[in-house]
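Take a look at the structure below.
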Amino acid sequence: MLSALHIQNGIVNAPISLAYLGIAGVGFAIAIRQARHQLDERLAPMAGLVAAYVFAVQMLNFPVLPGVSGHLLGAALAALLVGPWVGALAVSIVLVVQALLFADGGVTAIGLNVANMALLSTAVAYGLIVVLLRLLPATRSGLAVTAFTAGLLSTVAAAFGFVLQYALGGVTQMPWEWVAGAMGGTHLLIGIGEGGITAVTVVAVARVRPDLVYALRHRTRRPVSATPRPAEVPV
Amino acid sequence: MRGVRTRWFLLGGLLLALLLAGIVSNLASSSPDGLDAVSRQGCEYSRGRITGGECIARSGREHEVGGPLAGYRIAGIDNPYLSTGLAGVVGVLLVFGTGTAVFRLARRDTATDRRHQPDPRNTG
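Protein chains in written order, with the numbering used here: chain Y, 1 to 235; chain C, 1001 to 1124.
So, in structure tokens, the structure goes:
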């Protein structure tokens, strides 16, 4: 159950790994600044739980092809439940704990991994979430389709994040076009699993406590109208 | 506030995470995943070691730290189910603890910031 998109040490050269450590550090600092203003009494404990849940589900590799597995990355899930800034921090914490204590992902590759799976993936996921929640009907299916699409495409984005890193500083000489094709194809399949798990989890939380889903805040905070029509209450 | 109380929601979520990492993790596929599988393409393997060919994984090195939880196993526990399950439980609790601490710290700083901000009633 090692790896997935967790880059080991020695795959990408030192200068590029170091540059990405800088990018990840700046991204983490910006996320902390932004998250500060959002961490209220609801979001702070939810954030710890989301990180723990992402860690747990990352251990659950599912088969995608004969001899190939995949697991949840969690960026779309985190972005939906606790928002992009807190979500990126939650996934980063998971990645750092995995690299330092579970030998999953190289320590020198922490910057590469945080950049792909916490920053890039969350950014893509949240962009899609904002657009899709606006376009799709405010129903349970609308939320499920949003979660599935964000999960799928954020996984593919993270895979292409690695392709770029390999093209810039890959130690071995595999052609990057080949790497792009292989990574894209495999992660399209993994992304289907990611999308499914993300949709099931978010819809479940929205059924029990819609106010704990960050992406639905603008709906649940809407003042209750004088004549409530339950059929129209979202999710 | 409709539905389950926040305290019970959080406790339930944490229990679910512990269950997934502690027990369900043993049902996970042991095939190399995504990047790992792509990294191995082009190389021949024998007993987990590269014996020929060209692939991304050729330049991969041993993990820098390793440690007693390396590979989601607890060193010294031979039963694979127990070893993986316990490593998962330890991991969930560690991540929950670290996450909660980081987010609490960030929150506490906000409270301090607010105290230092000028009172809007005094300006104007």
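Idealized CB from N, CA, C, for every residue including glycine.
Range of the contiguous alpha helix (DSSP H) that encloses residue i
i: F160 of chain Y; result: 140–169
i: L43 of chain Y; result: 43–58
i: G185 of chain Y; result: 176–208
i: V97 of chain Y; result: 84–101
i: G127 of chain Y; result: 121–135
i: G70 of chain Y; result: Where G70 of chain Y is concerned, there is no enclosing alpha helix (DSSP H), although the beta strand (DSSP E) it sits in stretches over 68–70.
i: Q34 of chain Y; result: 14–36
Outcome for residue i when other beta-carbon atoms lying within 10 angstroms are tallied against a minimum of 16
i: T186 of chain Y; result: buried
i: G1048 of chain C; result: exposed
i: T108 of chain Y; result: buried
i: Y126 of chain Y; result: buried
i: P45 of chain Y; result: buried
i: W1008 of chain C; result: exposed
i: D1033 of chain C; result: buried
i: N1079 of chain C; result: exposed
i: S1025 of chain C; result: buried
i: S1039 of chain C; result: buried
i: P137 of chain Y; result: exposed
i: S141 of chain Y; result: exposed
i: A182 of chain Y; result: buried
i: T139 of chain Y; result: exposed
i: E194 of chain Y; result: buried
i: M1 of chain Y; result: In this prediction, M1 of chain Y has a pLDDT of 39, which is less than 50 and means its spatial position is unreliable; what the coordinates show is noted afterwards. Buried, since its Cβ has 16 or more Cβ neighbours within 10 Å.
i: D104 of chain Y; result: buried
Where the beta strand (DSSP E) through residue i begins and ends
i: V64 of chain Y; result: 62–65
Backbone secondary structure at residue i - three-state DSSP
i: V237 of chain Y; result: Residue 237 of chain Y lies beyond the range of chain Y shown here (1 to 235); nothing can be said about it.
i: V1004 of chain C; result: coil
i: V107 of chain Y; result: coil
i: N116 of chain Y; result: helix
i: I1013 of chain C; result: Here residue 1013 of chain C is Gly; the residue named in the question, Ile, does not match the sequence. Three-state result, G1013 of chain C: helix.
i: H6 of chain Y; result: coil
i: A226 of chain Y; result: Residue placement at A226 of chain Y is flagged as unreliable, the pLDDT there being 44, under the threshold of 50; the coordinate-derived value follows with that caveat. Three-state result, A226 of chain Y: coil.
i: L39 of chain Y; result: coil
i: G74 of chain Y; result: coil
i: L1020 of chain C; result: helix
Any C-beta of chain A under 8 Å from that of residue i
i: R219 of chain Y; result: In the structure shown, chain A cannot be found, because the protein chains are Y and C.
In chain order, which continuous runs of the alpha helix (DSSP H) of length 4 or greater are located wholly inside the segment 1025–1100 of chain C?
The qualifying runs are 1034–1040.
What residues from the segment 96–120 of chain Y come within 9 Å of chain C, judged by C-beta to C-beta, listed N to C? Against chain C - using a Cβ distance shorter than 9 Å - the residues of the segment 96–120 of chain Y are V96, V97, Q98, A99, L100, L101, F102, A103, D104, G105, G106, V107, T108.
Of all the residues that make up the segment 52–83 of chain Y, which are near chain C by a beta-carbon distance shorter than 7 Å?
Contact residues of the segment 52–83 of chain Y toward chain C are A52, Y53, F55, A56, V57, M59, L60, N61, F62, P63, G67, V68, S69, G70, H71 (C-beta to C-beta distance below 7 Å).
What residues from the segment 145–172 of chain Y come within 8 Å of chain C, judged by C-beta to C-beta, listed N to C? Answer set for the segment 145–172 of chain Y: A159, F162, Y166, G170, V171, T172.
What residues from the segment 1071–1088 of chain C come within 7 Å of chain Y, judged by C-beta to C-beta, listed N to C? Those would be G1071, Y1072, G1088, in chain order.
* To do: Note down, in chain order, all residues in the segment 11–22 of chain Y with a beta-carbon under 7 Å from any beta-carbon belonging to chain C.
  => For the segment 11–22 of chain Y, which is checked against every Cβ of chain C, the residues closer than 7 Å are I11.
Any residues in the segment 1031–1053 of chain C with a beta carbon nearer than 8 Å to a beta carbon of chain Y? Which ones, in chain order?
Using a CB distance below 8 Å, the part of the segment 1031–1053 of chain C facing chain Y consists of S1031, P1032, D1033, G1034, L1035, D1036, A1037, V1038, S1039, Q1041, G1042, ordered along the chain.
At a Cβ cut of 9 Å, what residues of the segment 1054–1069 of chain C count as close to chain Y, listed as they run along the chain? Those residues of the segment 1054–1069 of chain C that come within reach of chain Y (Cβ to Cβ, closer than 9 Å) are E1054, C1055, I1056, A1057, R1058, S1059, G1060, R1061, E1062, H1063, E1064, V1065, G1066, G1067, P1068, L1069.
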